[in-house]
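Contents: one structure, followed by commentary.
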Amino acid sequence: MILLDGKKTALAIRQKLKKEITQYQHKGHRAPGLAVILVGDDPASHIYVRNKEQACAEVGIVSRSYRLDSSTPQDELENLIKSLNDDPEIDGILLQLPLPAGFHTQRCLDLISPSKDVDGFHPDNVGRLALNLPGLRSCTPAGVMSLLKQYNLSVRGKKAVVIGCSNIVGKPLSLLLLNAEATVTVCHAATYDLKAEVIQGDFVFVAIGQPKFISADMIKEGAVVVDIGINRTENGIVGDCDFEALTSKVKAITPVPGGVGPMTIAQLLLNTVSAYKIQLGI
Ligand code: GUN
């Protein structure tokens, strides 16, 4: 059984990026800049944002944080995004989701300049993904693909089952898998017989946010399982899969924590440097 170690893989990515950024600065360029906007007081979002800021500092990306009260008017948030679009020292804009109730999320995402959209959530970038054209890709799905690549696990010609079809993870991941020539099945809350679909997967990707939902009887012997869930329980953080039960059955699996989570943040750093290079024309 192969443990897909996202922590180790992400560390290697950060080390490589740090060198690359140092080289740009030696050539006289400014440091890459990421603006992070966090609205409200969702505790999980505060932890994610802190981790993102820390990772930026580690590789030499300047992160500028905007922590806004949940009573902030929509207009004010929109004006902040517009000013960051025009800010020459900012390469990437990250609006942490979910926004508190009452905000119009899509209107904000639509406003982010596609060239600074390091989350890959703007309709232009989603469209480019659907068309398999170059563009900024959503961090978690792209991080998953690079983790598989690191372990030489190719999905080409394989049956890939994605459980969950959110705009942040399931949908863009399904498109990346399709672009990589997998045969893709996307399952969601209305799927008639989930087990019948999942058991066929050579690769199974789970992003539903339900602790230990996927049991060993649902998984084909020798499958590769990627657990994208992060669930805080009284026994600590667990994924969407029953990890212990699955280890004896699978070819490879991601741990939670230490699997997909660190890859998401590494991809954000990669996307910020991509946006920086576009911004500076280097
Ligand atoms: N909330 C949960 N995941 C993400 C993500 O990847 N990006 C942003 N901006 N918000 C999130």
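Under my numbering, the first residue of the sequence shown is numbered 1, with each subsequent residue one higher.
Glycine included, every Cβ here is placed at the ideal spot set by N, Cα and C.
As the structure is a prediction and not an experimental result, all values here were calculated from the model.
Exercise for review: Look up Gly-236 in the DSSP assignment and give the residues it is bridged to.
Suggested key: Thr-233
Point to revise | Pair within 8 Å by beta-carbon distance, Ile-81 and Ile-61 | key: no
Practice item. Find out if the Cβ-Cβ distance for the pair Gly-143, Ala-266 is shorter than 8 Å. Key: yes
Point to revise | Boundaries (first-last residue) of the beta strand (DSSP E) holding Leu-17 | key: Note, Leu-17: premise wrong, no beta strand (DSSP E); alpha helix (DSSP H) at 6-26.
Exercise for review: May I ask you to verify whether the segment 159-179 touches the segment 187-199, counting CB pairs closer than 8 Å and requiring at least 3?
Suggested key: yes
Point to revise | Where Ser-71 falls: helix, strand or coil (DSSP) | key: coil
Review point. Should Gln-106 be listed as close to the ligand GUN, given that the test is whether its C-beta is under 7 Å from any heavy atom?
Key: no
Check your understanding: Leaving out the 5 sequence neighbours to the left and right, which residues in its chain are closer than 6 Å to Lys-220 when beta-carbon positions are compared?
Key -> Ile-199
Review point. Taking 7 Å as the cut-off, does the CB of Leu-94 come closer than this to any heavy atom belonging to the ligand GUN?
Key: yes
Check your understanding: In this structure, what does DSSP give as the bridge partners for Ser-65?
Key -> Val-36
Point to revise | Extent of the continuous beta strand (DSSP E) to which Lys-149 belongs | key: Where Lys-149 is concerned, there is no enclosing beta strand (DSSP E), although the alpha helix (DSSP H) it sits in stretches over 139-150.
Check your understanding: For Lys-159, which three-state DSSP category applies?
Key -> strand
Review point. Any idea which residues DSSP pairs Ile-199 with across the strands?
Key: Bridge partners of Ile-199: none, in fact.
Practice item. Assess, as a yes-or-no matter, whether the segment 252-267 is touched by the segment 5-22 under the definition of 3 or more beta carbon pairs within less than 8 Å. Key: yes
Check your understanding: Does DSSP classify Asp-217 as helix, strand or coil?
Key -> helix
Check your understanding: Between Thr-272, Thr-185 and Phe-121, which lies nearest to Thr-105 when the distance is taken from Cα to Cα?
Key -> Phe-121
**Study point:** Through-space distance from Val-118 to Asn-271, alpha-carbon basis
**Key:** 5 Å
Point to revise | Element boundaries [alpha helix (DSSP H), containing Val-184] | key: Looking at the DSSP string, Val-184 is not in any alpha helix (DSSP H); the run it does join, the beta strand (DSSP E), is 183-187.
Practice item. Tell me whether Ala-10 is buried or exposed, calling it buried when 16 or more other Cβ atoms sit within 10 Å of its Cβ. Key: buried
Exercise for review: Whole angstroms is fine: what's the gap from Leu-77's alpha carbon to Asp-42's?
Suggested key: 17 Å
Point to revise | Own chain partners of Ile-13 with C-beta closer than 6 Å, once the 5 adjacent residues on each side are dropped | key: Ala-266
Check your understanding: Do Pro-172 and Pro-123 have their C-beta atoms within less than 8 Å of each other?
Key -> no
**Study point:** Nearest neighbour of Ala-275, chosen from Leu-109, Pro-134 and Ala-44 [CA to CA]
**Key:** Pro-134
Point to revise | Cβ shell of Gln-210 (< 8 Å), same chain only, five flanking positions each side left out | key: Gly-229, Asn-231 and Asp-240
Review point. Less than 8 Å separating the beta-carbons of Tyr-66 and Ala-31?
Key: no
Review point. What is the C-beta distance between Val-204 and Ala-223, in whole angstroms, given that I count them as a contact (C-beta under 8 Å)?
Key: 6 Å
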